[in-house]
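Following our numbering, the numbering of the sequence shown begins with 1 at its first residue and continues without gaps.
These notes concern the structure reproduced below.
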Amino acid sequence: MKDGKVKVRIRSLQQKDGEKADFLLETEGELITKNQRKYIRYTEVDEEGHETKNRLVIDASEIHLKKSGQNVFDMRFAKEVESAGIYETPYGSFATVITTTEIVWEETDTEIQVALDYSLEMQNAHVADCHMDIRICES
């Protein structure tokens, strides 16, 4: 896929105790390729108009998503790896652990698709089992 302006679509599904929460983000971004890695930068805006800058890095063995702004979070997804971090929000900071069980990604001339399955813990408690689909395509 060529570097430049892209459309970003991220769908995240969280499940716990039979309940589901579904989130969808569609926005524009920019793709840059460096050293066999794909860097995608995009901004998301919440209901109150606060912006969060995002940097998604895709390489052969892991996915890295860094958020900065109203919320700050650094997420690393690598199969069968526990990744600990701190999720900073206006309401406080929360210790998190992400355990990735599956990563599948493929690239064509016109798009990149990523599917992630992972478990999310906050403050030493299981929050949800999660699935995330990421689609990057030419703008």
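By construction, the Cβ of each residue, glycine as well, lies at the ideal position given by its N, Cα and C atoms.
Ignore the nearest five residues each way along the sequence and tell me which others in Gly29's own chain have a CB closer than 6 Å to its CB.
By one-based count along the sequence shown, residue 29 stands at place 29. Once the five neighbours on either side are set aside, the close Cβ partners of Gly29 are Val6, Val8, Ile40, Arg41 and Tyr42.
Give the DSSP-derived three-state secondary structure of Asp59 in the structure shown.
Looking up residue 59 in the sequence shown gives position 59. Coil.
Look up Gln113 in the DSSP assignment and say whether it is helix, strand or coil.
Taking the sequence shown and counting its residues from 1, the one referred to as residue 113 is at position 113. In the structure shown, Gln113 sits in a strand (DSSP, three-state: E or B).
Specify the secondary structure class of Arg139 as computed by DSSP and reduced to three states.
Translated into positions along the sequence shown, residue 139 becomes position 139. The residue you asked about is not Arg; residue 139 is Ser in the sequence shown. Ser139: coil per DSSP, three-state reduction.
By the three-class DSSP mapping on this structure, what secondary structure does Asp46 have?
Taking the first residue of the sequence shown as position 1, residue 46 is located at position 46. It is coil, neither helix nor strand.
Under DSSP, the beta strand (DSSP E) around Asp22 begins and ends at which residues?
As a first step, residue 22 is located in the sequence shown; it is residue number 22 there, counting from the start. First-last of the beta strand (DSSP E) with Asp22: Glu19 to Lys34.
Do the CB positions of Val127 and Leu120 come within less than 8 Å of each other?
Here residue 127 is taken as the residue at index 127 of the sequence shown, counted from 1. Here residue 120 is taken as the residue at index 120 of the sequence shown, counted from 1. Yes, these two residues count as a Cβ contact at 8 Å.
Determine the DSSP secondary structure at Gln15, reduced to helix, strand or coil.
Here residue 15 is taken as the residue at index 15 of the sequence shown, counted from 1. If DSSP states are grouped into helix, strand and coil, Gln15 belongs with the strands.
Give the secondary structure of Val81 by DSSP, where H, G and I count as helix, E and B as strand, and everything else as coil.
Reading the sequence shown from its first residue, position 81 is the one you call residue 81. Here Val81 sits in coil by DSSP.
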